[in-house]
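Notes to accompany the following structure.
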Amino acid sequence: MFEEANIRKRGKLASDLTPFGSAVGMTDKNGYSQSWKFPLLPSLISLAFGFIILMGISMLSDHRLPNPILLKDSSSHPGAFVGERAYKHLERLTSIGPRVAGSYENEIRAVDLLMREIGFIKQFAHPAHKITMDLQKPSGVMTPLAHGLDHNTIYHSLANVIVKIEDRNSTDVNAEEALLINAHFDSVRGSPGASDNGVSVAVALEVLEVLSRGKEPTNHPVIFLFNGAEEKGMLGAHGFITQHMWAKQIGAFVNLDACGAGGREIVFQAGPGNAWLIKAYAAAAPYPFANIVGQEIFDAKLVPSDTDFKIFRDFGKIPGLDLAYFKNGYVYHTKYDDIQHVSLSSVQRAGDNLLALVSNLAKSDWPSVRDSSDIIIFFDYLGLFMITFSNLSWHLLNITLISLAFYQSIAWVTIQDADSPSGRIGTVCKQVVFSCLTGVFQMLGAFFTAWLVVGVMTLTGSTMSWYSLPHVLMGLYGLPSLGMSLFLFLQVSAAQERALKSSFLVERVQFEGAKLNLSLIVLLTYMYGIRSNVLLLLWLASAIFGRWFLDKIYQRKRIDGGWLLLHFFSFAVPILQTLYLSDSVIALLVPISGRNGIHTNPDLLVAMVTVAFGLVITAFIFPLTSLIRHARRILYVLLAGHLLVAIGVIFTPLGFPYSAGLVEVKPQRVQILVDELIHVERTFYESNGLVRRRESGYWLFGWDHHIKPELLAPLEPKEGVQLVDESHCHTLPYCGLPYYFPSLKRIRSSYWAPAPQPLIYHPAKIQLIDQKLSGIDKRSLTFTLTGPDHMTLLIWPVKGVELVAWSASQELPLPDSFYTERPLYFVTYFYGVQPDVPYELTVTLKAILGDERLLFLKLVVGRVVNYLN
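409 is the number that UniProt numbering gives to position 409 of the sequence shown; each next residue is one higher, with no gaps.
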């Protein structure tokens, strides 16, 4: 009799169990007092130790790079990518210096270097391969209509170096479809362009060499495009895909680019559709790094740049993969983008992955039907392997896990309330709902706290204090926000414990509330088609099956410290992936925040992202505090940590945003358009062509949030420095300032200081040479344009007149959306090699009100001359 009662006390009857776990009375039936809790210090030490282990694994995964293969060892690695040989290519290319499209260094020296290197590769190629080389000099027009570009471009005589490798004796029909590998070799002004994009050129050259020396020919030709005008608006890729004779052969492409230096290259865009491409990468890449989160970040325009991927996708209608380096984005488009910031191991990793991918695609059979709607969800787990599944599987996974989570919670709550005394029926259900509402207020409280801290940092002039040290983000914004979340949580927890009379029941109620909240968030992301919610699905699956497994293990055992650790490590898979992903997201966003302009406070975005990751990681950890004695003391630890970091960044040099170390440089992005770049001269004309005003000045262009007019002081401007007059932006095209891309937002955030007139060595000239009337309401004007390699035309018809045709292309140029009453056309004219004759452009105007007298009003044609070389 005694033995039977003891067994019933220690265990649970089958009728007490839910379909997924134990009943709430488990704690009391196991012999615990209702107020029993884990001690604070051992619990915190155990959880901290677990976090340290997982963070260490995540960091090791992120920094894992292969050992490079050296030239002296190449004979023992036949058919392998030799990192040192690729690095030699990079050294030779960057030794040229900045390679701005249109410059001698880019159009002559870089082209000669590439042609020579490809010639050597061709000379030592295996006889099984046929290698054809071509130097393309395309000219054309790229309009933004339906392609999401922001300006109209006319280009002339660009430089594209192209090489095709194919089976010398192939008659297979597959040979008609080729794989394109694209890498641009030009750079922005002042930058050696080691990572953007010299390293991609070097890797592609080495892959070409390895393929050429192989004995086995490929089933599909592989075309390597080294294009020379990506930084000018992706013109090189456009010239190739719209004009080259090999363009129609291409069935898929791989684009190589960078917005950082070193580290690991990531697949951040794939498709459109055509899941077979990402599956090929998943199967082939020895060091996979790909995530659909990157694609959705890029699609959301959180990254203020674009790649040639857009050109091949939109103009060529070709599916492909977009790979890029993004770590250490501080040096992107600066003079610090040199070879010292590109490690040999990083080159080896990119080469191993690209060679494996190209070999897989070039030698395999491609699907006969290409489906752009064949969406695939993809991500790598800690860089160890890829996980991919179809769009249908994603739908089923969302529906299944959401349904399972609700069913599990409802079943558990139903049994608990059924076992409750008659006076407390429905208590557990009410407390679960209360926990759900508390979770919402926790999130709101956390984000509100982060917003308040951003305000404090702004008022103290300490914004971007994390720019050089991103790890302080957790102490600066994460700790106070999570502290507020935990404070609200503990307030509710105390009230729930008084109502439920059991700390173990409180933990389970809070756990179920967190799970239901997560289910609702997953449902919301599912309804909006956000496929990067796969991270949340990992958390939801762990919450469902982890607790079910834990209950099974402990259904006839006393809960102890092992239960606490098992609960924590049941979430090890999503915690690891969240830490791994958060490191990549922060590494991408922090450097980008240094080029978002004066009026955008970058602290707000990075604070919210930091808090979001923190809330995800702690969602199922906070309920454990219900089982820990003196859990409120954790708040003091969080507050002390935050104050320590905040005081450090506000009152000490630790918070200075920028650094100029020899190894890690994190500069402020300042673009002063003066002397060595562009010394600005502005000339304003009356409608009759007479000069109204001529002035010169230094122009401080605001990339960074901390741009101040004092930065112009060393130039000794003869008058005061002023913020650009906002009123001019409505009456003059682009505020009357000559930037070479239509970036009105940035122009309005810049400073102007009068200065002496600059010396112009190659003056531009626009001349009206002919005008014709067509009927009673149309007039054609023909202009010639001469000047440097990069000029901009601003075509601004008067009100009542519209542009209906131009000689550059059949597609009309797209007007700027800001100027609605009088459409303004921003047209860039660029050449690689100076043409022998002036460029001639005819525009046709029409009086839209039917009044032909309007056609005799002057057309405003402005010119912006940019001396970039």
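The beta-carbon is built from N, C-alpha and C at its ideal position, and this holds for glycine as well.
Quick caveat, the model's predicted, so the values are computed rather than measured.
When only Cα atoms are considered, E497 and Q510 end up about 11 Å apart. Here V454 is near D603, since their CB atoms are less than 7 Å apart. Here the segment 611 to 629 makes contact with the segment 479 to 488; the two share three or more CB pairs at distances below 8 Å. For the 7 Å CB-CB criterion, A755 and G787 do not form a contact. Three or more pairs of CB atoms, one per stretch, sit closer than 8 Å, so the segment 283 to 294 contacts the segment 357 to 365.
In this structure, the alpha-carbon of G273 lies about 6 Å from that of D371. The beta carbon of A202 lies closer than 6 Å to those of A86, H89, L90 in the same chain, with the five residues before and after it left out. Straight-line measurement puts the Cα of Q722 at about 26 Å from the Cα of F826.
Assignment of beta-bridge partners to Q722 by DSSP yields W752.
Its chain contains V680, W752, A753, P754, A755 as the residues whose beta carbon lies nearer than 7 Å to that of G697, once the 5 sequence neighbours on both sides are disregarded; these appear in chain order. Taken through DSSP and simplified to helix, strand or coil, N197 comes out as helix. Under the three-state reduction of DSSP, M464 is assigned to coil, being neither helix nor strand. In the three-state scheme derived from DSSP, where H, G and I count as helix and E and B as strand, Q249 is classed as helix.
The DSSP-derived three-state label of F818 is coil. Residue range 503 to 527 is occupied by the alpha helix (DSSP H) that includes E507.
Runs of alpha helix (DSSP H) with 4 or more residues, each lying fully within the segment 27 to 100, are found at 40 to 63, 83 to 94, listed in chain order. In this structure, M55 sits away from L638, with a CB-CB distance that is not shorter than 7 Å. For the 7 Å CB-CB criterion, F224 and F185 do not form a contact. R213 and E802 have their alpha carbons spaced roughly 59 Å apart. Within the model, the alpha-carbon separation for N533 versus N398 is close to 9 Å.
Around the beta-carbon of V440, fewer than 16 other beta-carbon atoms lie within 10 Å, marking it exposed. Take P838, set aside five residues on each side of it, and the residues of its chain with a beta-carbon closer than 7 Å to its own are T784, L785, T786, in chain order. Three or more beta-carbon pairs separated by less than 8 Å link the segment 275 to 282 to the segment 366 to 386, which places the two stretches in contact. For D551, the enclosing alpha helix (DSSP H) begins and ends at 534 to 553.
In the DSSP annotation of this structure, D365 is not part of any alpha helix (DSSP H), being labelled neither H nor E. Distance from the CA atom of K778 to the CA atom of H151, rounded to whole angstroms, is 25 Å. Taking 7 Å as the cut-off, the beta carbon of A258 is found no closer than this to the beta carbon of V342. Burial check for P78: the Cβ neighbour count within 10 Å stays below 16, so the residue is exposed. Where Q243 is concerned, the enclosing alpha helix (DSSP H) starts and stops at 235 to 243. Look at I760 here: in three-state DSSP terms it is coil, with no helix or strand label.
A residue is called buried when at least 16 other Cβ atoms come within 10 angstroms of its Cβ; G426 does not meet this threshold and is exposed. The DSSP-derived three-state label of L824 is coil. Secondary structure note for R189: it is in no beta strand (DSSP E), with a DSSP letter that is neither H nor E. Around the beta carbon of S43, 16 or more other beta carbons lie within 10 angstroms, which makes this residue buried. Taking the C-beta atoms as reference points, N160 is found nearer than 7 Å to F240. In this structure, the beta-carbon distance from L537 to L437 does not fall below 7 Å.
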